[in-house]
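To convert, note that position 195 of the sequence shown is 195 in UniProt numbering; the numbers rise steadily by one, no gaps.
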Amino acid sequence: MLPYFKRAEDNSRGADAWHGVGGPLGVSDLRHVSPLSQCLIAAAVSAGLSHNTDFNGATQEGFGLYQVTQRNGARCSAASAYLAPARGRANLHVLTQALTTRVLLDGQSAVGVEMLRHGQRVRIEGTTVTLCGGALNSPQLLLLSGIGPAAALRAHGIALVQDLPGVGANLQDHLDICTLVESNSRDTYDRTHDLAVALRFLLTRRGIGTSNIAEAGGFARSRYASGAECDLQFHFVPALLDNHGRTRLPGRGYTLHACALHPRSRGWLTLVSADPTAPIRIHANYLSDAQGHDLRMLLEGVRMAREIFAQAPFAAVHGREIFPGADAQDESALTAFIRRKAETIYHPVGTCRMGNDEHAVVDAALRVHGIAGLRVVDAAVIPELPSGNTNAPTIMLAERAADLLLGRVPPKA
């Protein structure tokens with residue numbers, strides 16, 4: 001898969017064995033870094049962890065600054081990298097304010113889609129249908145189209161077309177726990193003057209406005225790790241972040257996020273009804289594995305975060321621990337804290353899993369089993385969570401899908 005990652009990439013550092021240039025997706029170093037982010041790296045090294053300048057290179061393990069999907073200091077999303085340059089093509093037609101309601105099927109073949117637009121049902125026919133609704137909406141569309149577990153479809157009065165018990169199953173996500181500390185540092189982003197930041201960004205593409213906020217972090221092997229693979233990821237934010245930033249805490253501070261890279265808990269999705277406008281019901285099922293692995297990993301993440309914050313580089317700026325807090329010291333108190341405060345970091349995968357067994361939904365060419373002309377191309381097909389964020393792997397899948405759809409020869413390794 002490496003050639004597809006490299007083909008997608010336009011890395012400002014240049015090309016090497018692990019990175020590409022000239023691709024649609026801008027990847028660059030941060031233009032602005034808080035001194036506190038540098039503190040985090042120094043403290044991690046002081047705690048016995050290694051320094052890493054490229055998490056996507058030969059070695060993942062270590063702490064350092066993240067590269068970001070940016071070009072000229074601004075976010076380079078999949079839309080800006082791929083869609084915007086293609087908007088003028090004669091074979092591309094973009095419809096907005098449209099809700100796809102089901103795949104149109106002729107027997108076991110996909111022949112188009114039906115959608116709701118401005119209150120009207122619209123049918124669009126074609127010889128190939130590719131679903132890119134993500135790990136939540138692609139399985140929902142399959143279920144609404146009669147593709148999924150037979151009993152679940154019958155319960156909602158949906159006619160069965162293809163019995164695929166894996167549709168909506170195998171839901172995985174990265175669960176995150178935060179350690180928050182008050183600080184006297186003026187380098188936090190808690191009380192940023194928004195107008196000044198915005199003006200500097202608009203005029204110069206410099207300053208805090210170019211930051212991804214989670215500037216530094218790292219990958220580590222916990223004491224439970226087997227082999228060389230990292231099992232924890234950390235994101236450092238030079239600000240107090242609670243409830244995904246929706247809760248504004250007083251004062252200044254910094255936050256270290258920890259997530260278990262390879263959770264064993266599995267959730268699932270179910271339809272609320274046959275109404276396509278009803279949202280899918282998400283059974284996340286976090287921290288449910290029988291061995292207690294996922295909880296144990298988050299406990300380890302908090303322990304390591306506290307150890308890093310206790311190092312000398314933070315001594316001059318370190319204040320009161322807000323979360324988990326001074327009273328949360330034993331395993332029981334920390335477990336209660338994790339169950340109360342752990343949050344998703346929006347990496348759902350696996351609900352249309354790739355494979356060739358009875359619970360797989362698509363094959364290695366991303367084709368839905370038993371349905372001609374229908375593919376799924378998004379994070380839903382990823383069988384297991386990758387050892388990091390899901391943005392780049394999903395784009396890599398799309399690059400691979402483009403070759404499959406066009407019959408192109410894959411790039412050389």
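Note that beta-carbon positions come from the ideal geometry of N, C-alpha and C, so glycine has one too. Predicted model, so just to flag it, every value in this text is computed and none were measured.
8 Å Cβ shell around residue i - same chain, five flanking residues per side excluded
i: residue 45; result: 51 and 63
i: residue 299; result: 331, 334, 335 and 338
i: residue 291; result: 264
i: residue 319; result: 181, 182, 183, 184 and 253
Same chain, Cβ closer than 6 Å to residue i, neighbours up to 5 away in sequence not counted
i: residue 249; result: 240 and 242
i: residue 404; result: 365
i: residue 341; result: none
i: residue 34; result: 187 and 238
i: residue 257; result: 176, 178 and 235
i: residue 163; result: 150
i: residue 411; result: 3 and 7
i: residue 47; result: 307, 308 and 311
i: residue 270; result: 281
Outcome for residue i when other beta-carbon atoms lying within 10 angstroms are tallied against a minimum of 16
i: residue 70; result: buried
i: residue 127; result: exposed
i: residue 361; result: buried
i: residue 16; result: exposed
i: residue 97; result: exposed
i: residue 211; result: buried
i: residue 57; result: exposed
i: residue 1; result: exposed
i: residue 375; result: buried
i: residue 247; result: exposed
i: residue 272; result: exposed
Heavy atom of the ligand ADP within 8 Å of residue i beta-carbon
i: residue 224; result: Ligands in the displayed structure: none, and consequently the ligand ADP is not present.
Cβ-based neighbour list, residue i, same chain, cut-off 7 Å, excluding 5 preceding and 5 following
i: residue 392; result: 5
i: residue 209; result: 197, 198, 200 and 201
i: residue 153; result: 143, 146 and 160
i: residue 221; result: 61, 230 and 231
Which residues DSSP lists as bridging residue i, in chain order
i: residue 71; result: 74
i: residue 125; result: 112
i: residue 281; result: 270
i: residue 102; result: 114
i: residue 179; result: 256
i: residue 415; result: This structure gives no information on residue 415, because the portion of the chain shown stretches from 1 to 413.
Boundaries (first-last residue) of the alpha helix (DSSP H) holding residue i
i: residue 38; result: 35 to 46
i: residue 391; result: 391 to 406
i: residue 338; result: 331 to 341
i: residue 227; result: First-last for residue 227: undefined, no H or E at that position.
i: residue 301; result: 293 to 309
Where the beta strand (DSSP E) containing residue i begins and where it ends
i: residue 258; result: 253 to 260
i: residue 11; result: 9 to 11
i: residue 25; result: 25 to 27
i: residue 420; result: Only positions 1 to 413 of the chain appear in the structure, and residue 420 is not among them; the question remains open.
i: residue 141; result: Residue 141 -> not in any beta strand (DSSP E); alpha helix (DSSP H) instead, spanning 134 to 144.
Cβ contact check for the stretch 259 to 278 and the stretch 186 to 205: 3 or more pairs under 8 Å: no
Inter-stretch contact at 8 Å, needing at least 3 Cβ pairs: the stretch 276 to 295 / the stretch 131 to 140: yes
The stretch 176 to 191 contacting the stretch 16 to 29, beta-carbon criterion three pairs below 8 Å: no
contact_flag[the stretch 344 to 362, the stretch 382 to 389] where n(CB pairs < 8 Å) is 3 or more: yes
Meets three-Cβ-pair contact criterion under 8 Å: the stretch 30 to 48 and the stretch 308 to 327: yes
The stretch 82 to 90 touching the stretch 345 to 358, judged by at least three CB pairs closer than 8 Å: no
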